[in-house]
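Engineer:
In mature numbering (1 follows the signal peptide of the UniProt record, and there is no 0), the protein residues as written are -19 to -1, 1 to 310.
Printed below as a string of structure tokens:
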């Protein structure tokens, strides 16, 4: 019996190690395609997409730092290095274009596009299902304009030479409001991520991990609901955004291989980008209106002529970068 037990462990480990290079290769291929796509459209990339590629670049550089030294993995490493090199040029050109097209908006969020703003996980947690909301309230707890304003208070870009890490009573209330769903929930998590990256010391942020645990447990519940509903096309953007943000927050259970397979399958094979084939809708995660489509205007969303979405592409590359970072070694 004991011999059989250890044999099963050995076989499981051998099987996983055998598939791990395939996981890396599949992700690298997808990233190569999407980078080529965005290189030809850098003038049309919005801030969300530039941010997504910044996150991807950070993940890839982090992966290269701990890349396995085995000879058979050198070819994969060279491909990742090639993508990083292309990303540097792409980001530089896209950022310049962004400054020209929307200078005020760029100035407000310039800090998050800095080379050292984002810090990626060095250790991993798992979500606790007991912390997830038992029921969800509104997916529109606040507007994107309101959340953007709260972000600028943290970044110090709310006015010229503004003080950073400012927490207004309005921002405190909406960013800690429990029961929010959809993009409001992911924006609440983003708020605490910004605070962490800026090193904000307001007493609210002494409980950052507490809120992250609740938010990501609830976002995991939403993603599992999206999965059980068959991955409706209009919910894929939110699904990938949840993976990107909670993965960046150190929750490794968002990096499920079956979810990676889905994301890879959503990439447009010819263009290499990601997008929704229908109108830009979201589905609420609430039990009562779970399948009720709600209109959402994303932050200066850009839809390309081939049906590709800049936001979906951004969160796709951000989540794929996380998968590669997690599975690289």
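Using N, Cα and C, we set each Cβ at its ideal position, and we do this for glycine too.
(1) Return helix, strand or coil for residue 123, following the three-state DSSP convention.
(2) Who are the near neighbours of residue 241 in its chain, counting only those whose CB is closer than 6 Å to its CB and skipping five residues on each side?
(3) When the Cα of residue 297 is compared with those of 309, 228, 232, 2, which residue comes out closest?
(4) Do residue 173 and residue 202 have their C-beta atoms within less than 8 Å of each other?
(5) May I have the straight-line CA-CA distance separating residue 131 from residue 149, to the nearest angstrom?
(6) With 16 other CB atoms within 10 Å as the buried threshold, where does residue 292 fall?
(7) So which of 152, 171, 60, 139 has the shortest CA-CA distance to residue 86?
(8) Apply the 10 Å Cβ neighbour rule to residue 332 and answer buried if 16 or more other Cβ atoms are within range, or exposed otherwise.
(9) Note the first and the last residue of the continuous alpha helix (DSSP H) segment covering residue 217.
(10) Could you pull the DSSP bridge partners for residue 232 from this structure?
(11) So, helix, strand or coil for residue 293, using DSSP?
(12) Residue 301 and residue 12: beta carbons closer than 8 Å?
(13) Going by DSSP in three states, residue 248 sits in which element: helix, strand or coil?
(14) Distance, Cα to Cα, residue 368 vs residue 65?
(15) Is the beta carbon of residue 101 closer than 8 Å to that of residue 252?
(16) Residue 245 to residue 238, Cα distance in whole Å?
(17) With 16 other CB atoms within 10 Å as the buried threshold, where does residue 168 fall?
(18) Going by the beta-carbon positions, is the gap between residue 179 and residue 209 smaller than 8 Å?
(19) Cβ of residue 55 within 7 Å of any heavy atom in the ligand NAP?
(20) Who are the near neighbours of residue 43 in its chain, counting only those whose CB is closer than 7 Å to its CB and skipping five residues on each side?
(21) Buried or exposed: which applies to residue 204, given that a residue is buried once 16 or more other Cβ atoms fall within 10 Å of its Cβ?
(22) Indicate whether residue 181 and residue 118 have their beta-carbon atoms separated by less than 8 Å.
(23) Looking at the unbroken alpha helix (DSSP H) that takes in residue 82, where does it start and where does it end?
(24) Let me know the secondary structure DSSP gives residue 241 once reduced to three states.
Structural biologist: So, from the listed chains and residues:
(1) coil
(2) Closer than 6 Å at Cβ, skipping near neighbours: 304.
(3) Looking only at 309, 228, 232, 2, the smallest Cα-Cα distance to residue 297 is reached by 228.
(4) No, the pair does not count as a contact, with Cβ atoms beyond the cut-off.
(5) 8 Å
(6) buried
(7) 139
(8) The first residue shown for the chain is -19 and the last is 310, placing residue 332 beyond what the model contains.
(9) 217 to 229
(10) Per DSSP, 106.
(11) Residue 293 sits in a helix when the DSSP states are folded into three classes.
(12) yes
(13) Residue state, collapsed to three classes: coil.
(14) Summary: the structure shown does not reach residue 368, with the chain confined to residues -19 through 310, and so no result is reported for it.
(15) no
(16) C-alpha of residue 245 to C-alpha of residue 238: approximately 11 Å in a straight line.
(17) buried
(18) No, Cβ-Cβ distance for residue 179 and residue 209 is not below 8 Å.
(19) The ligand content of the structure shown is nil, which means the ligand NAP is not present either.
(20) For residue 43, same chain residues with a beta-carbon under 7 Å away, outside a window of 5 residues either side, are 101, 306 in chain order.
(21) buried
(22) no
(23) 55 to 82
(24) helix
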